[in-house]
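What follows is a single structure, written as structure tokens, with notes after it.
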DNA sequence: GTCTATAAATAGATAGAC
DNA sequence: GTCTATCTATTTATAGAC
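Residue numbers (our numbering), protein chains in the order written: chain A, 62 to 274; chain B, 62 to 274.
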């Protein structure tokens with residue numbers, strides 16, 4: 062199926078504002094904020110460019126909406142996952158799955174997040190920074206409780222977080238590149254979300270439960 | 062020390078071409094290819110803008126030089142590390158350290174690499190793609206040998222690679238963000254390269270040696 | 001190799017009609 | 001809410017003198 066067709070289908074039934082939003086998320090993920098082009102966004106949304114300014118005020122305003130939506134969605138899913146498990150190990154596993162599922166639900170999320178990291182969080186306002194800190198807080202709490210009950214060895218929560226988010230973001234973001242090189246790299250082809258989830262969960266728990274250095 | 066002073070010191074003694082190159086690497090890392098500005102690069106290099114075109118032909122040409130230098134340096138260091146160890150576990154550890162040391166030596170490397178991943182490798186030409194594949198090949202070879210001698214459990218080399226590169230890139234790239242939030246996040250402050258190296262080495266070996274799923 | 005001046009294109013944003 | 005036409009600023013790139 063051609064890209065235009067796929068994007069047409071994804072846009073079907075959405076109102077003008079939502080179509081602009083969806084097209085913008087894709088454009089920002091593919092090209093970054095500076096590389097994104099409002100003409101292209103409007104074209105992809107099949108909406109007049111002026112509507113973009115009518116609904117979002119500016120390119121920057123549109124980007125902020127995309128960022129906010131993304132962070133809130135991730136934090137929401139992670140918060141739910143953490144709230145419904147009491148066992149620290151189960152909670153870590155649920156956190157991993159929550160992040161991975163969100164990357165599936167919002168395909169623009171990994172690329173945009175990687176770019177924000179590369180940028181040093183330049184576009185991340187205080188509200189979004191708080192959301193990120195909350196996610197890290199969930200990880201830290203699970204680690205701390207596991208350590209308190211001797212189920213985990215002491216570990217820096219940031220390292221645990223990096224060991225979860227880093228591989229997940231890279232896995233999803235490299236999907237197009239891997240597809241392109243799949244002829245040469247057999248083991249890099251046809252990997253599923255389930256597989257990466259299981260792997261990252263296993264690594265996280267081995268790290269927390271395994272013998273220390 | 063102010064930024065201007067630091068950059069002035071870093072540029073001291075370099076020729077025009079090298080100063081442009083150094084300034085460009087910093088600019089591309091901070092803003093990405095699209096966000097980078099040739100006027101700003103020339104200003105930071107304290108060189109006339111026309112010299113940029115004289116030496117590099119275009120903004121894109123300059124970026125390609127930076128990319129090529131970066132990939133070759135990483136691949137070189139990783140290749141050396143792999144060549145001088147026979148034990149698979151030692152080789153994995155050496156690979157981790159090689160990548161981390163390169164991130165220290167070329168501070169622009171993590172951000173640029175993260176951006177290229179986010180972009181789906183759009184600027185990565187065939188030569189550079191080959192270099193990346195070679196690094197992944199070193200990881201795959203070490204994994205395979207370890208499995209053959211029963212020291213490692215079977216594992217997908219790509220997942221091992223993601224578990225090494227993902228956390229390392231994130232660690233170095235988030236350094237500025239972490240510094241900004243260090244008041245709120247005690248455990249995220251004052252982490253050293255040695256610590257992240259030791260951690261990633263440990264995780265990689267636990268993953269390869271630990272009990273499977 | 002170095003610089004000034006400027007061409008040429010791109011792209012964000014808005015006015016104003018409907 | 002929607003669209004056309006256009007303004008304006010920015011920015012890559014080059015011509016040509018020294």
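Where a beta carbon is used, it is the ideal one built from N, C-alpha and C, also for glycine.
Counting contacts by CB-CB distance shorter than 8 angstroms, is residue i in contact with chain A?
| i | result |
| --- | --- |
| residue 72 of chain B | no |
| residue 122 of chain B | no |
| residue 253 of chain B | no |
| residue 197 of chain B | yes |
| residue 137 of chain B | no |
| residue 271 of chain B | yes |
| residue 172 of chain B | yes |
Give the straight-line distance between the Cα atoms of residue i and residue j, rounded to the nearest whole angstrom.
| i | j | result |
| --- | --- | --- |
| residue 142 of chain B | residue 266 of chain B | 17 angstroms |
| residue 213 of chain A | residue 161 of chain A | 23 angstroms |
| residue 74 of chain B | residue 106 of chain B | 12 angstroms |
| residue 177 of chain B | residue 245 of chain B | 31 angstroms |
| residue 184 of chain A | residue 271 of chain A | 38 angstroms |
| residue 152 of chain A | residue 121 of chain B | 46 angstroms |
| residue 131 of chain A | residue 170 of chain A | 7 angstroms |
| residue 117 of chain B | residue 68 of chain B | 21 angstroms |
| residue 133 of chain B | residue 197 of chain B | 14 angstroms |
| residue 124 of chain B | residue 234 of chain B | 19 angstroms |
| residue 164 of chain B | residue 195 of chain A | 28 angstroms |
| residue 264 of chain B | residue 238 of chain B | 24 angstroms |
| residue 127 of chain B | residue 138 of chain A | 39 angstroms |
| residue 209 of chain A | residue 149 of chain A | 10 angstroms |
| residue 167 of chain B | residue 186 of chain B | 21 angstroms |
| residue 188 of chain A | residue 215 of chain B | 43 angstroms |
| residue 154 of chain B | residue 217 of chain A | 20 angstroms |
| residue 81 of chain A | residue 180 of chain B | 21 angstroms |
| residue 204 of chain A | residue 98 of chain A | 43 angstroms |
| residue 79 of chain A | residue 108 of chain A | 11 angstroms |
| residue 146 of chain B | residue 225 of chain B | 18 angstroms |
| residue 110 of chain B | residue 202 of chain A | 52 angstroms |
So that I know if they touch, is there some Cβ in chain B lying closer than 8 angstroms to that of residue i?
| i | result |
| --- | --- |
| residue 264 of chain A | yes |
| residue 207 of chain A | no |
| residue 248 of chain A | yes |
| residue 76 of chain A | no |
| residue 104 of chain A | no |
| residue 235 of chain A | yes |
Closer than 9 angstroms by beta-carbon distance: list the chain A residues that pair up with residue i, in chain order.
| i | result |
| --- | --- |
| residue 227 of chain B | 223, 224, 226, 227, 228, 229, 230, 231, 232 |
| residue 260 of chain B | 216, 217, 220, 223, 224, 268, 274 |
Would you mind telling me which residues of chain A sit closer than 7 angstroms to residue i, beta carbon to beta carbon, in chain order?
| i | result |
| --- | --- |
| residue 268 of chain B | 264, 267 |
| residue 245 of chain B | 194 |
Taking the Cβ atom as the reference point for each residue, do residue i and residue j lie within a distance shorter than 8 angstroms?
| i | j | result |
| --- | --- | --- |
| residue 261 of chain A | residue 157 of chain A | yes |
| residue 257 of chain A | residue 232 of chain A | yes |
| residue 83 of chain B | residue 92 of chain B | no |
| residue 190 of chain B | residue 242 of chain A | yes |
| residue 248 of chain A | residue 223 of chain B | no |
| residue 4 of chain A | residue 175 of chain A | This structure does not reach residue 4 of chain A, given that chain A is present from 62 up to 274, and the question cannot be answered. |
| residue 200 of chain A | residue 173 of chain A | no |
| residue 85 of chain A | residue 102 of chain A | yes |
| residue 77 of chain A | residue 112 of chain A | yes |
| residue 207 of chain B | residue 269 of chain B | yes |
| residue 95 of chain B | residue 96 of chain A | yes |
Identify the contact partners of residue i in chain B, using a Cβ-Cβ distance below 9 angstroms as the criterion.
| i | result |
| --- | --- |
| residue 169 of chain A | In chain order: nothing, as chain B lies at least about 10 angstroms away. |
| residue 96 of chain A | 93, 94, 95, 96, 180 |
| residue 176 of chain A | 93, 175, 176, 179, 180 |
Could you work out which residues of chain B lie near residue i, taking near to mean beta carbons separated by less than 7 angstroms?
| i | result |
| --- | --- |
| residue 238 of chain A | 181, 182 |
| residue 213 of chain A | Residues of chain B passing the Cβ test: none, with the nearest at roughly 13 angstroms. |
Under 8 angstroms Cβ-Cβ, which residues of chain A neighbour residue i?
| i | result |
| --- | --- |
| residue 101 of chain B | The premise fails here: residue 101 of chain B is roughly 12 angstroms from chain A at the closest Cβ pair, so nothing lies under 8 angstroms. |
Can you pull the chain B residues whose beta carbon is under 8 angstroms from the beta carbon of residue i, in chain order?
| i | result |
| --- | --- |
| residue 190 of chain A | 242 |
Uninterrupted alpha helix (DSSP H) stretches inside the stretch 63-105 of chain B (no shorter than 4 residues):
Fully enclosed alpha helix (DSSP H) runs of 4 or longer: 64-72, 77-96.
Minimum length 3: unbroken beta strand (DSSP E) runs contained in the stretch 152-223 of chain A:
Counting only runs of at least 3 residues, the stretch 152-223 of chain A fully encloses no beta strand (DSSP E) element at all.
Quick check for students: name the residue ranges of the alpha helix (DSSP H) that lie wholly in the stretch 241-270 of chain B, counting only runs of 4 or more.
Assignment of alpha helix (DSSP H) within the stretch 241-270 of chain B, counting only whole runs of 4 or more residues, yields 254-270 in chain order.
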